[in-house]
Amino acid sequence: MRDLNDDGALGRQMHAWLSALFPIVRSITGPGVRQTLAYLAEQLPQLKIHEVPSGTRAFDWTVPDEWTIRDAFVADEHGRRVIDFKQHNLHVVGYSEPVNRWISFDELNDHLYSLPDQPDAIPYITSYYKRHWGFCLSHKQRQGLKPNNYHVVIDSDLKPGMLNYGELILPGRTVQEVMITTYICHPSMANNELSGPVVATALAQWLTSLAKCRFTYRIIFVPETVGSIVYLSKHLEYLKKHVVAGFNLTCIGDDRCYSYVPSRAGNTLSDRVALHVLKHLDPGFMRYSYLDRGSDERQYCAPGVDLPIATIMRSKYGAYPEYHTSLDDLTLVTPKGLEGGFTALRKAIEAIEHNYMPQVTVLGEPQLGKRGLYPSLSTKSSGDAALVMMNLIAYCDGAHSLLDIAEIIGVPMWELIPIYQKLNEHGLVMDLNG
Amino acid sequence: MRDLNDDGALGRQMHAWLSALFPIVRSITGPGVRQTLAYLAEQLPQLKIHEVPSGTRAFDWTVPDEWTIRDAFVADEHGRRVIDFKQHNLHVVGYSEPVNRWISFDELNDHLYSLPDQPDAIPYITSYYKRHWGFCLSHKQRQGLKPNNYHVVIDSDLKPGMLNYGELILPGRTVQEVMITTYICHPSMANNELSGPVVATALAQWLTSLAKCRFTYRIIFVPETVGSIVYLSKHLEYLKKHVVAGFNLTCIGDDRCYSYVPSRAGNTLSDRVALHVLKHLDPGFMRYSYLDRGSDERQYCAPGVDLPIATIMRSKYGAYPEYHTSLDDLTLVTPKGLEGGFTALRKAIEAIEHNYMPQVTVLGEPQLGKRGLYPSLSTKSSGDAALVMMNLIAYCDGAHSLLDIAEIIGVPMWELIPIYQKLNEHGLVMDLNG
Amino acid sequence: MRDLNDDGALGRQMHAWLSALFPIVRSITGPGVRQTLAYLAEQLPQLKIHEVPSGTRAFDWTVPDEWTIRDAFVADEHGRRVIDFKQHNLHVVGYSEPVNRWISFDELNDHLYSLPDQPDAIPYITSYYKRHWGFCLSHKQRQGLKPNNYHVVIDSDLKPGMLNYGELILPGRTVQEVMITTYICHPSMANNELSGPVVATALAQWLTSLAKCRFTYRIIFVPETVGSIVYLSKHLEYLKKHVVAGFNLTCIGDDRCYSYVPSRAGNTLSDRVALHVLKHLDPGFMRYSYLDRGSDERQYCAPGVDLPIATIMRSKYGAYPEYHTSLDDLTLVTPKGLEGGFTALRKAIEAIEHNYMPQVTVLGEPQLGKRGLYPSLSTKSSGDAALVMMNLIAYCDGAHSLLDIAEIIGVPMWELIPIYQKLNEHGLVMDLNG
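Protein chains in written order, with the numbering used here: chain A, 131 to 564; chain B, 131 to 564; chain C, 131 to 564.
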């Protein structure tokens with residue numbers, strides 16, 4: 131394990147990726163998804179990009195037509211664009227059908243979306259499964275509109291195409307898997323969603339740099355909901371057999387406190403690890419219920435799917451004011467926030483990788499002194515280290531995993547792992563997991 | 131399921147039955163029990179009345195001789211009745227043996243029972259298993275007695291006869307049973323006990339009016355303690371095999387908050403349903419322990435009997451000041467109080483009847499929109515309904531009953547049942563219970 | 131069961147034994163251990179004394195050489211002893227190697243131990259497994275030393291010898307065992323440790339005086355750590371099969387509140403009994419975690435050993451200021467404190483002996499009245515006794531032990547045992563344990 135670099139380079143790197151991806155016009159299908167995946171593949175040469183045609187059935191769903199948008203605006207009688215998709219891609223309702231007409235102010239109003247409570251924010255609205263068109267704008271901007279006729283133009287296509295997703299598999303020493311999943315279907319918003327893909331990319335690079343891990347790592351980049359459903363419909367049996375833990379990455383780049391949404395079961399290895407890591411990293415983290423879910427855990431944890439996927443976030447989707455508006459921008463997400471997100475996930479993954487099933491090899495307490503393992507007791511802190519070592523040994527009974535022991539003795543896994551490894555080198559503990 | 135009628139007719143009906151039954155001189159045996167059962171049979175034509183002769187052994191008990199009381203009084207030297215059973219049937223100690231003597235004031239005093247702390251109340255005293263006689267009176271009345279000789283007359287019989295009880299069985303689609311039990315052995319007191327029999331009668335009429343239920347319903351009217359012991363001794367093996375839930379009805383007609391006494395096991399279906407219903411009906415309900423028991427749950431939950439019988443009450447026996455006195459009268463029990471008792475039991479029974487084991491029929495979240503099931507999101511409350519539906523589906527995994535789900539998602543069964551039924555009509559959920 | 135004598139004789143007896151043992155120069159091996167065992171054998175003729183030679187391997191440990199100390203002092207240039215082992219045997223570091231030299235004040239200082247925070251206390255220091263010599267003294271005394279040369283003399287031996295321990299086995303009606311263990315390796319300190327051996331001695335005398343018990347009692351007196359490891363290495367398989375409960379006795383003679391350290395498993399019979407007894411004896415008792423362990427439970431509860439040994443104390447080792455200093459003397463431990471310790475252990479042992487598995491012999495509630503068992507209800511306290519009896523019967527279902535029932539109904543075992551015995555005499559309950 132390498133130490134985290136403290137110079138902030140990783141956070142700045144992730145923020146740079148995020149800034150490059152930010153302007154792309156993404157939706158659940160279409161060229162924006164492909165541009166996004168192509169950019170990620172530049173950082174992750176092993177990333178495989180897949181496509182599934184419109185009309186493909188997946189569980190209860192059907193892959194929709196592909197949406198391409200080239201331009202969209204509302205212009206006044208002087209031809210001035212009063213709402214312009216080129217200025218912000220949130221200005222058009224996602225999956226809007228094409229339109230090119232002069233309409234009355236009243237009719238226009240039925241197709242406008244704004245937030246009176248957040249007058250500076252452009253809301254994010256979509257209509258994937260019902261034919262519709264509309265424009266989003268700040269409430270301030272809306273109040274400036276004159277009650278005249280307007281020219282509305284949406285230059286879009288809705289026609290059979292592809293749903294795309296990316297998949298990166300890093301084989302480990304076993305076929306048991308840890309799964310990282312994130313989504314790539316939102317237009318220009320930073321925390322929800324681009325923080326997820328860039329942290330996933332950094333994790334993939336870090337995992338690639340390691341010597342072969344115990345677990346195989348599966349990292350996927352999918353459009354939310356229909357994308358995860360398509361992915362599950364292709365791999366469900368394999369995933370159910372092999373995935374031992376996993377995390378959904380979203381809203382993981384702002385500077386606020388950590389949040390946690392459990393898996394539906396609530397007591398999977400992923401949940402236990404997430405709670406352990408967050409408790410020690412940030413005792414004030416927000417602990418949500420599965421009833422507060424709202425992202426792809428809805429699919430991964432659905433009855434009959436039941437994958438052990440928990441969610442570690444900074445500010446939870448739906449629980450921060452900038453969520454699903456133009457305020458979720460490149461200032462809300464910071465290098466430090468992204469690096470904090472990466473750190474939590476990395477510590478969670480390390481806890482899973484090193485979750486040994488330790489058994490002490492002698493009966494009674496081992497005599498640490500004769501091995502030079504018992505630290506000198508002259509200072510308070512060395513006394514504490516000795517106590518942690520003795521407490522660890524006291525529970526190395528072959529029935530408690532290292533994570534169980536970390537919880538019992540109240541010490542974070544990242545402090546326990548090197549102590550375990552030292553004891554293991556002296557032959558005092560062995561790993562029943564092999 | 132019919133909606134509850136809100137016009138109060140049911141409560142007034144129950145109060146009218148109760149008022150008609152109130153004056154009857156009941157004890158654990160004798161003509162009063164038979165008159166009571168005869169009146170109930172007028173409301174419930176299917177009620178079967180059984181008899182068991184005095185001297186019959188039942189577990190550790192023996193059916194006692196039958197007690198008949200015709201008159202009882204204490205008269206002064208002028209022949210004036212200073213205590214008169216005809217004025218209130220609580221004036222005589224239950225199961226008093228016959229007496230007809232002039233006695234001193236001192237001797238009389240040894241046979242008088244009053245409550246100094248409740249000077250207006252006539253206490254309720256019995257001596258079923260030890261030959262005795264006595265009079266009960268208000269402490270105020272007692273203090274007015276002159277220290278003279280008195281003529282005490284109790285015109286009663288104690289001779290072999292019958293113990294009677296009523297039994298109503300409504301066959302369901304299965305032989306599994308829900309049991310409702312109540313007692314009919316107390317003289318003129320309204321909450322303990324007549325509220326129990328009249329609510330049981332209303333429940334029986336309601337259940338009779340329904341299309342065939344899933345469960346068979348067994349409703350019994352027995353003298354307390356020896357009656358339930360006799361009943362158990364005749365049916366124990368059958369009941370242990372078939373009763374899945376049940377409630378003891380007592381003290382269920384006053385206007386105060388609800389109370390709950392668990393079964394001995396504490397975690398039966400009856401307990402879970404009672405807690406669920408009361409939590410949602412009346413969050414301030416009183417939750418007692420089995421150590422606070424004091425009615426026929428003592429027999430139904432005894433070791434080796436172990437029926438799943440819990441108790442839903444308004445004011446718990448022993449815990450309201452009018453209990454076991456003449457103050458437990460027709461004003462303490464009200465139409466509204468009785469209807470509240472009925473409502474709690476009806477909701478409990480409906481929760482048992484509709485406690486499906488639901489399984490969603492698709493993998494991943496179903497696409498509710500294409501079925502018109504996803505409510506429009508334009509208002510807050512329709513949003514909530516959609517959330518309840520999504521949360522219900524999220525736990526329809528074939529391992530959680532509808533009651534389990536109601537507890538997990540924090541929604542009362544009576545709101546969940548129609549949503550389940552709508553999903554079932556659309557083929558999205560099925561009941562693994564068949 | 132005899133009633134506890136309230137005249138304090140037992141406490142005074144224990145304090146007298148303790149006072150006789152106090153001056154002996156004990157260590158983990160050597161003549162002091164043998165003198166101590168010889169004195170205990172005078173009180174307990176059945177005590178067997180065993181010896182194990184230096185060099186014997188036991189699990190991860192080796193029996194050390196035997197240490198004999200005859201004299202030790204630091205003298206000034208006038209031959210005056212400024213530190214003198216003859217004045218207090220804590221003045222010499224345990225297992226000090228021999229020395230006889232004139233040294234500088236600076237060199238002396240490197241071999242002196244005192245406690246600046248407790249300037250009147252001589253600390254207790256040992257160096258069993260690393261060759262070393264040193265003197266302990268009060269900080270006050272140390273500050274009075276002049277910066278001159280000193281003559282240091284330690285007249286000690288470190289050579290192959292024996293490790294000794296005592297063992298007393300009182301056969302019961304079954305081969306299942308309750309184990310009492312205490313240690314005999316500390317020089318002149320009263321609470322830690324002599325309170326343990328004297329309370330163990332009183333318990334052994336009491337158990338010997340009883341008619342044959344259900345359980346076999348094994349009482350051992352061992353040097354701490356290496357002694358318990360040696361003992362376990364000789365008897366582990368037998369103990370694992372037969373010991374059902376046990377207690378480690380230490381720090382059980384002062385007047386302060388009770389303390390409890392659980393076994394590692396935390397839910398053994400020993401733990402449940404200890405918590406039950408202490409809760410009822412002293413609701414303010416200190417409840418520690420196994421992470422606070424520090425005596426021979428470290429060996430008895432080690433992984434693979436896993437004996438059900440819990441610890442009942444007065445002030446916990448390490449948690450009272452006099453611990454491991456000369457202030458832990460004959461005034462800290464009192465006759466009343468020792469008797470309180472004895473009482474807690476005796477009640478714990480009685481709870482284990484009488485932990486029946488009771489089953490009521492009738493179905494439904496038994497009719498207590500016909501057996502004269504139902505107390506008259508005329509007074510509040512007799513009402514309570516009746517309630518306890520009814521509550522006891524209510525849980526005599528063959529699935530709850532008497533201790534389970536005591537916990538459920540909130541009554542101490544020592545009140546429940548005689549009620550059980552009365553019901554058993556009437557044939558109303560039987561013990562499924564036989």
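Just so it is clear, CB atoms sit at the ideal spot from N, CA and C, and this is done for glycine as well.
Since we're looking at a predicted model, the values are computed, not measured.
Given this structure, state the Cα-to-Cα distance separating residue i from residue j, to the nearest angstrom.
i	j	result
E545 (chain C)	L475 (chain C)	16 Å
D385 (chain C)	M443 (chain C)	11 Å
I299 (chain B)	E367 (chain B)	17 Å
G467 (chain B)	M309 (chain A)	57 Å
E524 (chain B)	R164 (chain A)	With the sequence shown as reference, residue 524 (chain B) is identified as Ala, and Glu is not the correct amino acid for it. Answer to the nearest angstrom: the Cα atoms are 32 Å apart.
L333 (chain C)	P438 (chain A)	54 Å
L273 (chain A)	V356 (chain A)	For the record, residue 273 (chain A) in the displayed sequence is Gln; it is not Leu. Those two C-alpha atoms are separated by around 36 Å.
T461 (chain B)	D426 (chain A)	59 Å
A432 (chain A)	N521 (chain A)	39 Å
L503 (chain C)	G557 (chain C)	12 Å
Give a yes or no on whether the minimum CB-CB distance between residue i and chain C is below 8 Å.
i	result
Y259 (chain B)	yes
L421 (chain B)	yes
P246 (chain A)	no
From the beta carbon of residue i, is the nearest beta carbon of chain A less than 8 Å away?
i	result
Q165 (chain B)	no
W191 (chain C)	yes
H410 (chain B)	no
L562 (chain B)	no
A251 (chain B)	no
P542 (chain B)	no
D527 (chain B)	yes
Looking only at DSSP bridge pairs, what is residue i linked to?
i	result
W232 (chain A)	A:H281
A375 (chain B)	B:V308
N294 (chain C)	C:E181
I199 (chain B)	B:S286
T565 (chain A)	Within the shown structure, residues of chain A are numbered from 131 to 564, placing residue 565 (chain A) beyond reach of any answer.
R211 (chain C)	C:A205
D561 (chain B)	B:P488
Would you say residue i reaches chain B, if we count a Cβ-Cβ gap shorter than 8 Å as a contact?
i	result
N321 (chain C)	no
N521 (chain C)	yes
T499 (chain C)	The identity of residue 499 (chain C) in the sequence shown is Gly, whereas the question assumes Thr. G499 (chain C) counts as touching chain B.
V492 (chain C)	yes
E307 (chain C)	no
A536 (chain C)	no
Interface residues of the segment 425-439 of chain A facing chain B [CB-CB below 7 Å]: R428, Q429, A432, P433, G434, V435
Stretch pair the segment 262-275 of chain C + the segment 240-247 of chain C: three plus CB contacts closer than 8 Å: The segment 262-275 of chain C, when compared against the segment 240-247 of chain C, does touch it at the 8 Å Cβ threshold.
Cβ pair count under 8 Å reaching 3, the segment 540-560 of chain B against the segment 470-484 of chain B: yes
Segment contact, 8 Å Cβ cut-off, at least three pairs: the segment 432-451 of chain A with the segment 378-394 of chain A: yes
Chain C contacts made by the segment 373-403 of chain A, where a contact means CB separation under 8 Å: none
Residues, ordered as in the chain, of the segment 343-365 of chain C that lie near chain A by beta-carbon distance below 7 Å: I359, L362
Inter-stretch contact (C-beta, 8 Å, three-pair minimum) for the segment 273-292 of chain A and the segment 180-194 of chain A: yes
Stretch pair the segment 407-414 of chain A + the segment 164-177 of chain A: three plus CB contacts closer than 8 Å: no
Segment contact flag, the segment 345-364 of chain B with the segment 388-403 of chain B, C-beta cutoff 8 Å, min 3 pairs: no
At least 3 beta-carbon pairs within less than 8 Å: the segment 523-543 of chain B vs the segment 487-499 of chain B: yes
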